[in-house]
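Working notes, beginning with the structure itself.
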Amino acid sequence: MLIFERSRPGRRNAAQQPGAADAGDLPAALRRASRPLLPEVSELDAVRHYTTLSQRNFSVDTQFYPLGSCTMKYNPRAANALAQLPGFADRHPLAPAATAQGLLACLWELQEILADVTGMAAICLTPMAGAQGEFAGIAMMRAYHLARGDHARRDIIVPDAAHGTNPASVGMCGYVAREIPTGADGDVDLAALRAACGPQTAGLMLTNPSTLGVFERNIEAIAGIVHAAGGLLYYDGANLNAILGKVKPGDMGFDVVHLNLHKTFSTPHGGGGPGAGAVGASARLAPFLPLPQVAGEAGGYRWLSEAERPRSIGRLSAFMGNVGVLLRAWAYTRLLGRDGMRRVAEHATLNANYLLHALQRAGFDAAYPGRHAGHEFVLTLKRLKEETDVSAMDVCKRLLDKGFYAPTAYFPLLVPECLLIEPTETESRETLDAFVAAMREILAEAHDEPERVKGAPYTMPVRRLDEVRAAREPDLAWRPPAQKA
Amino acid sequence: MLIFERSRPGRRNAAQQPGAADAGDLPAALRRASRPLLPEVSELDAVRHYTTLSQRNFSVDTQFYPLGSCTMKYNPRAANALAQLPGFADRHPLAPAATAQGLLACLWELQEILADVTGMAAICLTPMAGAQGEFAGIAMMRAYHLARGDHARRDIIVPDAAHGTNPASVGMCGYVAREIPTGADGDVDLAALRAACGPQTAGLMLTNPSTLGVFERNIEAIAGIVHAAGGLLYYDGANLNAILGKVKPGDMGFDVVHLNLHKTFSTPHGGGGPGAGAVGASARLAPFLPLPQVAGEAGGYRWLSEAERPRSIGRLSAFMGNVGVLLRAWAYTRLLGRDGMRRVAEHATLNANYLLHALQRAGFDAAYPGRHAGHEFVLTLKRLKEETDVSAMDVCKRLLDKGFYAPTAYFPLLVPECLLIEPTETESRETLDAFVAAMREILAEAHDEPERVKGAPYTMPVRRLDEVRAAREPDLAWRPPAQKA
Amino acid sequence: MPYIPHTPEDVAAMLASMDLTDIGQLFAEIPAGLCNEALARVPAALNEMQLMRLARERAAQSGDYLCFLGAGAYEHHIPAAVWQIATRGEFYSAYTPYQAEASQGTLQVLYEWQTMMASLTGLDVSNASLYDGASALAEAVLMAVRLHRGDSRRVLVSAGLHPHYRAVLATLLAPQQVGLAEIGFDPASGRLDPHALERAGSAPFVALVIAQPNFFGVLEEPDALTDWAHEKGALVIGACNPLALALLRPPGAWGRDGADIACGEAQPFGIPLCAGGPYLGYLCCRQEYLRQMPGRIAGRTLDAAGQPGYTLTLQAREQHIRRARATSNICTNQGLMVTASAIHLALLGAQGVEQVAASSHANTLRLLALLTAIPGVTRMFDAPVFHEAVLRLPQSAAGVLERLRGRGILGGLELCPHHPELGHALLVCATETKTEADLQRYAAALAEVLETAPC
Amino acid sequence: MPYIPHTPEDVAAMLASMDLTDIGQLFAEIPAGLCNEALARVPAALNEMQLMRLARERAAQSGDYLCFLGAGAYEHHIPAAVWQIATRGEFYSAYTPYQAEASQGTLQVLYEWQTMMASLTGLDVSNASLYDGASALAEAVLMAVRLHRGDSRRVLVSAGLHPHYRAVLATLLAPQQVGLAEIGFDPASGRLDPHALERAGSAPFVALVIAQPNFFGVLEEPDALTDWAHEKGALVIGACNPLALALLRPPGAWGRDGADIACGEAQPFGIPLCAGGPYLGYLCCRQEYLRQMPGRIAGRTLDAAGQPGYTLTLQAREQHIRRARATSNICTNQGLMVTASAIHLALLGAQGVEQVAASSHANTLRLLALLTAIPGVTRMFDAPVFHEAVLRLPQSAAGVLERLRGRGILGGLELCPHHPELGHALLVCATETKTEADLQRYAAALAEVLETAPC
Ligand SMILES: Cc1ncc(COP(=O)(O)O)c(C=O)c1O
Ligand SMILES: Cc1ncc(COP(=O)(O)O)c(C=O)c1O
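Here the protein sequences line up with chains A, B, C and D, keeping their order.
Just so we're aligned, residue -3 is where the first sequence starts under the numbering used here, counting upward by one.
Just so we're aligned, residue -3 is where the second sequence starts under the numbering used here, counting upward by one.
Just so we're aligned, residue 988 is where the third sequence starts under the numbering used here, counting upward by one.
Just so we're aligned, residue 988 is where the fourth sequence starts under the numbering used here, counting upward by one.
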């Protein structure tokens, strides 16, 4: 039932209302004619409605959530408590700098830590998610080329395995995304890369380990080819969890990186966001970083002024990006500490490879069987689909019935019937074993009783939803019954 | 699965551990030989375990909870936020009085408000639940009699409808509980009362409206009889919600009252507690109130000293009772305000009577059909039981399947197959109507398919539990498999 | 090992299952020269107890001020229930609801919030959030560029738009060669200057952005503006504080045909100030523009048993399907803020939201009355305002603010850095959180401060 | 109407369904003379925004001190997860789990906590909580009285038991004519004085109460005491800080046969100080004493399908069944504190709890070393302590504490009101929350304070 269907005209929650006040002086021509459609419910009804709605979700706090490319690790509750401290949560963004030392200290430390783990010269924390980080990074590359008077560069090379935001961000920056294929072993096709590179090449975007879950072994060669062509290298940090504290993107030759703090640095996904997509740059690109940034000096911390960064690509948000998310990420970095970083990569990788091996033993096919997994890996259910007509999507839906969220399916696009599985380091061996057992059961069921799998899920609040209908007859806002007709 | 079954030797949650420290100086004879059986799990495992466990509960925030005698009203979330403010939550009980003005102001105001709504001369907030309030009240009555040199009084008269804590508290005070019957109309049997009263009578405990949900119409006569015999009147405030702001126990002739702040004043029940059982006294009994109490004076607030209250029955708790509960109750009183008190009683009573009428129309029998309900009412399912063999308990279990918590069953003891139903004022008419519809369905089902009702519940995390086995073969603590055998 | 459950035995057994002995072997494919475990700038780990103490100390440095700052971020009462529910693990730690059947909670909340926002803006549909108000406006402009039939890439924007919003537009639009024509404001009213507008409108343009209220708190007269832009064949974008829309004509009802797109910052609906974010960008439009909308959208559909349920829909617009030709690159949005905002609006109810808006308005007028009673303090503009206004001070606002801070008051925003042409200008805001005593306290402090000479 | 959903139309329709027109009619059975709606001492309503502002102002008056107070209530780190989970509506707003099938969450938590407490105390069974440590001890004594075969009602209690606990025992036991014989402590060690004990033990008694540690932080030698009492045919009750039991021999292992009952205050396990409550009384005993246990008990059983499940059990002991002959009058207990405590213990784990105990112990020893290095400051007792100890000061503790407070430190508890015989005695405590810098700060402040003459 929708909150609007619980609503009754005139029902009020007096404790939350400041009381009547006069706005009669506002000119009639400016005033609203009819009340907006907002619910009128009691506080109990609202609390009960949203509390029971929450129970209709799977989440990391309640289920294993092996969603590839999303790094659904545990989100420490301390980070939430910390970000809600009144000195942070109630602070106005334009409150004077003199009162900001505590906040700035946290942000500055986060900049320092991220610079170190990425091997970049400088970090800007403002991008509000990975995709905005990508925009910022490409815009910086563009600004760099233009600043050098190099106006010919229009292409950004993007492997076919790339996440959709990569080509989309390229477009947002007015560049053209040029796709290159992946080899059978999961590495970039070097010949194709060479062919694609030239004076029109602004740069290359790469995720490493790639979205196929394998480490790009030729990364040094790739960097050489792109740099030789005058292009720049962009690191999509969505998969940093695999190499955190072990390998630095800067050392691989990347000029710009973005990080998804809501992945590697454990800030909650919140059912879709908010995230934070901090962006880092090598020395030559650092002057182009967006603003605001925090400077740390002997006397304390301060915001860098626009005058000090005349070549900055500018502002990305009205204020300072998603500060509450940044504070949570800061909390996490401080809780992990220096040694904790490396351990994340090691155990995320251990979990992924352990799970991959176990699933292979259970009868599933790895998309890149010869390769070590990074922190995630791709299975292909092509054979299953051919044998039983049970698809990757069917397996996903059936997993829900077994109490597991489903892996990412049908991404990357180049692997047919694929599942991208990322266990993260925060899951225990017992949980992984239970997942393998469930997958084994589903495999057996797919052969014995395929219709059962294809009809899943059965135990969720709803049965399988008609997505086609949703798109063909969009119903995107409730209307009161009378209006609806 | 139990948290112990998720435990693995050596698994650690490093972020919560202060690090190794030396206790080697402790004499070996005093030291523990083996580690206690505490879980060893990751933080994620603990969070997931307890979060999913919580989902296995019904609660006010998620379901209608018409549990008679318990006043399961909405617990404002503001009260929770307020009690968790660091200045309250992190305050040490023995911190100096100079830092206590803010806290004492809240407690003093609560004392004043409760004194006013009960018509008592003074209030002490320390009892930690209703039952401890009862103990305090009876102990005060005892102290009063003894202080007057009146050593003969040994009996406390208790109606048969009384809550179990009443006779139990009488026993805890070294008195004898003398039960008197209730008349067919739900009022106390005055003749029996007269017969029971005498020089041995220390007092009478009464709930009004009674646990039968009806207002004791002869209360003034009762007070007269008891007082004439030299006894005192004790008001069990569990049902104050029915008359809050409309009738004051003091005006009815009561000498002592306790209140269940976790009922009338909306502090959460927390799955069993904590509560707060503030106790109030008329002028002649006020000197015997327990300590600590707060005094409010021009210069500020302070704790009353023992020297100032030499006749106090003394301390009931190591510190100041359940302060966090008291703060929540204070918050509620301030949110309701003067007019809000009366409105609670009015709408709680309206809801109860509306529901009673609707259930009668649906075919259920009121235990006291001629009477108005207070804030709750009793149904008797005797006829249903005779006709279908479906019991009150069966109906309760079936209600769970319909998404409603069950009413109180088999209490008061004198009504056969009874349900005690208390909707509270915070529930909407729509919720009451939905409950009636469910009850109607169950009634039909009881006639058509009684086994279905008797086998309920079917949709809970467990089927009906074997209570007899639980008591016959008590399994009260988990043991590791090896030890268990 | 913080947040890693593995015991040494676990690690050994897991490695053994792969015939390995050392985790390092799993990294064998990485060129050896790239391994670099030095992290000199990362401090050693704190435990939670140590971290919380450090954080409490740092948070306390923000101090405790009576705050009259607005300028795009507003202090409002947020019911305690909002965040106690929004941070429940099931909302807090879930991903984007791609597996709809296991995400009905989040999806229904999105659908409810979309309904609320569509109704507030008077438009047909809302998306399920964008990052913040400023970036939402940039997305709206890009959407208008895609929708517009002509080949102009020129957008008219008021100089009275929040300067940070203008800066964000510049950053986000420049790479796509979308030009911004800044229209001056009328120095008397603070509204868009009609003459400047007429001049700018003589060349083709894609869209007119109307800020309601604008940066100065001033209310534009959007009916005439909307009709004017539509007559020129351009789209109209309303950049609105959605709280103001509880009182004001919604963009969907501006002029003859209504604005085409409404967008802005929904932070006033239950989102804490939090030093600037995470906030909550919204974007609503007419039904016919749906396929050019950026961002996720939740929709209602039926399940295999014919029961209603919710799912993300129209994903063909989005980056994960359409890639380079997507309507935007946005993926992660501000989901949890949507949840909080929906709960907030449900708790306040239609009447509550209206009261918050009216009482913020009334408090601001009262503050203006008190402050302009001080000699030398006058209102900069004469047009009606919502809950913010610009004052002209007899001295530099910076110095005044500094001295007010010494009295425990954050007195507003100094406009000089953004609008030097306005002289000693101060932007003040008084929401429903301010009592009469607070307003009096500000007035008394300001009077006191102004009596002493500027330092 | 705060928290009342009824619209005027609802009220009218509901009344109409009963053929009534006015709510007042529902109160017709109440004698008219009793109606009294005057509430002069109840202030008018605040809304949540106003209330929270008032509460924040009042809470802030507690100040922010470095605190070395213990004496029965201990500052420990509580993981943020504990209360974020414990205040989830499903735990927070549920009643006592009488409908077991709809309360499996709470019931399983109770069962788990009982397991933890039984293991910590080394006894067979635990109940599901009592109010607080002091009242739990009173219940333990009453239980012993019921269990004891003789007709003595005399109980031996150390004068080194927390004075408030002794006061509570007096209040709760007096009406049942249970007598308390207070046994002096040895002035050198701070432990129970064996001679005094021997003297008191010459008359019959029901039980001996051993506090471990006692009020002075001192550790008793419970083996000999236990055997001595058992030989006299009395029961032994251990009143223990359960945190100390992470290091110390549990009551169940005291002497030859172990103590009979253990009880006390589990506040150190995840319960905030909160000015004194709600805290968490616990009580454990041997299996054979089960039927005399007070309070609720959760047990594991099977459901109709043979699956395990949890329920409250052995209710025949309780007031709602046995009424006047119940083992106690307790009904509402401290359920939510149990939930928090179980989550706390699970988050810290066996090793974490041990580390908290050890590190509190080590910090206290370190503090003692620093403070006793100050001229004139000495330890009062020479027996080993857990995480508290008594210092002898060269001046009145009250004055010293007052001056320490001026330096931001709550320096401990002045013992003079409770134990004037000890002179200038100060009880100090340093838990794992204190850093070396904190201890140094205390020492420096104390040295400074003692240099100046008492005022
Ligand atoms: C590989 C990769 N790149 C980029 C992104 C985009 O990040 P965001 O969703 O934070 O915008 C994602 C997120 O799913 C991703 O997996
Ligand atoms: C009528 C009545 N009296 C007394 C009590 C005892 O109160 P408490 O559970 O707070 O001890 C109750 C509680 O259920 C009750 O309903």
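Think of the CB as a built atom: it goes at the ideal place given N, C-alpha and C, for glycine as much as any other residue.
Between A1194/C and C1227/C the beta-carbon gap is near 15 Å, outside 8 Å, which marks them as no contact. Comparing C-alpha distances from E1185/D to each of Q1048/D, V1144/D and L1026/D shows the shortest one belongs to V1144/D. By the criterion of at least three beta-carbon pairs nearer than 8 Å, the segment 1300 to 1312 of chain D is in contact with the segment 164 to 179 of chain B. Between V1128/C and V1112/C a beta carbon distance of about 18 Å is seen, past the 8 Å cut, so the two are scored as non-contacting. Annotation: E447/A to C414/A spans about 20 Å, alpha carbon to alpha carbon. Non-local beta-carbon contacts of A1121/D in its own chain, meaning distances under 7 Å to residues more than five positions away in sequence, involve H1151, Y1152 and V1155 in chain order.
If you draw a straight line from the Cα of L100/B to the Cα of N1034/D, it is about 21 Å long. In this structure I309/A is in contact with A139/A, their Cβ atoms being roughly 5 Å apart against a cut-off of 8 Å. Not one heavy atom of ligand 2 sits closer than 7 Å to the Cβ of D156/B.
CA-CA distance, P1209/C to I1197/C, rounds to 7 Å. A234/B has its CB nearer than 7 Å to a heavy atom of ligand 2. Shown here for G1395/C: same chain residues with a beta carbon closer than 7 Å to its own, the five before and five after excluded, namely Y1052 and L1053 in chain order. When Cβ-Cβ separations below 8 Å define contact, D335/B makes no contact with chain A.
At the C-beta level, T1288/D and A466/B come within 8 Å of one another. For W1100/C, the enclosing alpha helix (DSSP H) covers residues Q1091 to T1108. One thing to note: V449/A has its Cβ within 8 Å of the Cβ of A442/A. For A10/B, the nearest CB of chain C lies under 8 Å from its own CB, placing it at the interface with that chain. Counted as a single uninterrupted DSSP element, the beta strand (DSSP E) harbouring R298/A occupies residues G296 to W299. Between T1158/D and R311/B, the CB-CB gap stays under 8 Å.
A Cβ-Cβ separation of about 11 Å leaves L200/B out of contact with G220/B under the 8 Å criterion. One thing to note: L1270/D has its Cβ within 8 Å of the Cβ of L1117/D. Remark: the shortest separation between the CB of S65/B and any heavy atom of ligand 2 falls under 7 Å. Taking the C-beta atoms as reference points, S1049/D is found no nearer than 8 Å to G295/B. Contact of Q51/B with chain A is assigned, a C-beta pair being separated by under 8 Å. Residues of chain B whose Cβ lies closer than 9 Å to the Cβ of L189/A do not exist; the shortest such Cβ separation is about 40 Å.
Distances taken from the Cβ of H258/A to the heavy atoms of ligand 1 include one shorter than 7 Å. Less than 8 Å separates the beta-carbon of S50/B from that of G1092/D. Set against 7 Å, the gap from the CB of H265/A to the closest heavy atom of ligand 1 is not smaller. Taking a Cβ-Cβ cut-off of 8 Å, the neighbours of S38/A in chain B comprise Y70, T422 and S424, given in sequence order. Residues of chain B with a Cβ closer than 8 Å to the Cβ of Q1302/C do not exist; the shortest Cβ-Cβ separation is about 30 Å.
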